[in-house]
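A.B. asks: The following block contains the structure, expressed as structure tokens.
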Amino acid sequence: MALTREESSPLFAGTAAGTLRLIFYLAMAVVLMVLDHRNGWLWRMRYATAIVVEPVYRLASLPVDGMHALGVAFADRRMLTEQNQRLREDLLLANAKLNRMAAVAQQNERLKELLDTQHSLELHVQMARVVGMDLGAYRHRIMINLGARDGIKSGQPVIDAHGVMGQIIDVLPTSSAVMLVTDPDHALPVVVERTGLRTIAYGSRNGEQLALPTIPMAADVRVGDKLLTSGLGGRFPEGFPVGEITNVAPAASGMFLEAKANPSADIDRSDEVLVLHDLAEPVGPPPPPSPAGPPSDEAPAPATTATVAHPTTLAPSGKPASAQTAAAPPEVPQP
Numbered sequence: 001m002a003l004t005r006e007e008s009s010p011l012f013a014g015t016a017a018g019t020l021r022l023i024f025y026l027a028m029a030v031v032l033m034v035l036d037h038r039n040g041w042l043w044r045m046r047y048a049t050a051i052v053v054e055p056v057y058r059l060a061s062l063p064v065d066g067m068h069a070l071g072v073a074f075a076d077r078r079m080l081t082e083q084n085q086r087l088r089e090d091l092l093l094a095n096a097k098l099n100r101m102a103a104v105a106q107q108n109e110r111l112k113e114l115l116d117t118q119h120s121l122e123l124h125v126q127m128a129r130v131v132g133m134d135l136g137a138y139r140h141r142i143m144i145n146l147g148a149r150d151g152i153k154s155g156q157p158v159i160d161a162h163g164v165m166g167q168i169i170d171v172l173p174t175s176s177a178v179m180l181v182t183d184p185d186h187a188l189p190v191v192v193e194r195t196g197l198r199t200i201a202y203g204s205r206n207g208e209q210l211a212l213p214t215i216p217m218a219a220d221v222r223v224g225d226k227l228l229t230s231g232l233g234g235r236f237p238e239g240f241p242v243g244e245i246t247n248v249a250p251a252a253s254g255m256f257l258e259a260k261a262n263p264s265a266d267i268d269r270s271d272e273v274l275v276l277h278d279l280a281e282p283v284g285p286p287p288p289p290s291p292a293g294p295p296s297d298e299a300p301a302p303a304t305t306a307t308v309a310h311p312t313t314l315a316p317s318g319k320p321a322s323a324q325t326a327a328a329p330p331e332v333p334q335p
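Residues 1 to 335 (the UniProt record's numbering) are what the sequence shown spells out, left to right.
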């Protein structure tokens, strides 16, 4: 509420006493300013007063400082949490990329082995990718991404970089089914590399080994012997690795030896395989064999006459004449 003229402060009253009081206050202010400027009394007083008043200021600012500290703490915690989450995501992404690079490196190594196999053997093959697997108790088969549209036919052998995988049994337009060598219904003519013994390798129900149940009792078969395709039957080319014998024991009938072998091919790990095609038949007769022995520096002299054999006759002189020269006719006696 504003003060009326009658209720105004006596310091600003229009009387002589009010004017003298104003002058006195002004003079005191000037004196205090001069003394403070020269001796610093008011500064000391302010310093002492600040020592007393400062705890009051601190106590009054505690709620505000506490709220600010809590806000900063929560903000820092949230920022650290978000940063930690980003770092976790970056680490997972880096690990995923590293694993992917390792998988790509392994895949490149497998492809290199397949290409090396193709180039070293000069085979007519098609590379295929495994798109499905059926490794049950009675069926050991895989699906590849090549079919009739790619020229695939039933019966073609399938290999990987380490050995024989199996053969194609069913051809679809864009895919094919491959019976593995470990399938119970599969049989493969093989030969023991060390001794040349020919036998048959059958699949087994466990899907991990090959069975050779018809080995003669007197045969020399040992653990560690390598099995190769024998080429009999015309289905599989000769000389491809099939497996390695791991166990040899007499059969239950006592008439044969029975052996177990691990397949050479990576049955459950290969992602890329090769489908073999029939090699083209050679055109024309085979080339003549190279002459044996060291080469001769001098060419043989050409024959100038040819000898013609005749039955043995008596010459006019009474001596036998068995041959005459074809180049020189017989002399005719002159009359």
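Cβ coordinates follow ideal geometry from the N, Cα and C atoms, glycine included.
So what does DSSP say about residue 35, is it helix, strand or coil?
C.D. replies: helix
A.B. asks: Hey, would you say residue 260 sits closer than 8 Å to residue 209, going by beta carbons?
C.D. replies: Residue 260 is a Cβ neighbour of residue 209, given a cutoff of 8 Å.
A.B. asks: What does DSSP give as the partner residue(s) for residue 229 in the beta ladder?
C.D. replies: 190
A.B. asks: Closest to residue 176 by CA distance: which of 238, 166, 196 is it?
C.D. replies: 166
A.B. asks: Helix or strand or just coil, what does DSSP make of residue 61?
C.D. replies: helix
A.B. asks: Output yes or no for whether 8 Å exceeds the beta carbon distance between residue 180 and residue 144.
C.D. replies: no
A.B. asks: Put residue 68 into one of helix, strand or coil per three-state DSSP.
C.D. replies: DSSP places residue 68 in helix when its eight states are reduced to three.
A.B. asks: Measure how close the beta-carbons of residue 263 and residue 243 come, nearest whole angstrom, since I'm counting them as under 8 Å.
C.D. replies: 5 Å
A.B. asks: Suppose contacts are defined by Cβ-Cβ distances below 8 Å. Is residue 158 in contact with residue 168 by that definition?
C.D. replies: yes
A.B. asks: Under a three-way DSSP split, which group does residue 211 fall into?
C.D. replies: strand
A.B. asks: Once the 5 residues before and after residue 302 are set aside, which same chain residues still bring their CB inside 7 Å of it?
C.D. replies: For residue 302, the predicted model reports a pLDDT of 45, less than 50, meaning its position is unreliable; a value from the coordinates is still stated below. There are no such residues.
A.B. asks: Output the distance between the C-alpha atoms of residue 266 and residue 129, rounded to the nearest integer angstrom.
C.D. replies: So the alpha carbons of these two residues sit roughly 14 Å apart.
A.B. asks: Taking the alpha carbon of residue 274 as the point to measure from, which residue in 132, 162, 125 has its own alpha carbon closest?
C.D. replies: 125
A.B. asks: Could you pull the start and end residues of the beta strand (DSSP E) that residue 243 belongs to?
C.D. replies: 241-250
A.B. asks: Consult DSSP for residue 221 and reduce its assignment to one of helix, strand or coil.
C.D. replies: coil
A.B. asks: Is residue 17 helix, strand or coil when you go by DSSP?
C.D. replies: helix
A.B. asks: Just how far apart, CA to CA, sit residue 97 and residue 182?
C.D. replies: 36 Å
A.B. asks: Who are the near neighbours of residue 85 in its chain, counting only those whose CB is closer than 6 Å to its CB and skipping five residues on each side?
C.D. replies: none
A.B. asks: In the DSSP assignment, find the unbroken beta strand (DSSP E) run with residue 258 in it and report its ends.
C.D. replies: 256-263
A.B. asks: For residue 238, collect the residues of the same chain with a Cβ closer than 7 Å to its Cβ; drop the 5 residues on either side in sequence, then sort them by chain order.
C.D. replies: Cβ within range, chain order: 229, 230, 231.
A.B. asks: Is residue 171 closer than 8 Å to residue 192 when the C-beta atoms are compared?
C.D. replies: no
A.B. asks: Count the other C-beta atoms from every protein chain shown that fall within 10 angstroms of the C-beta of residue 270, then say buried if there are 16 or more, exposed otherwise.
C.D. replies: buried
A.B. asks: Contact defined as beta carbons within less than 8 Å: I believe residue 138 pairs with residue 184. What is the distance between those atoms, to the nearest angstrom?
C.D. replies: Sure, about 6 Å apart at Cβ, within 8 Å.
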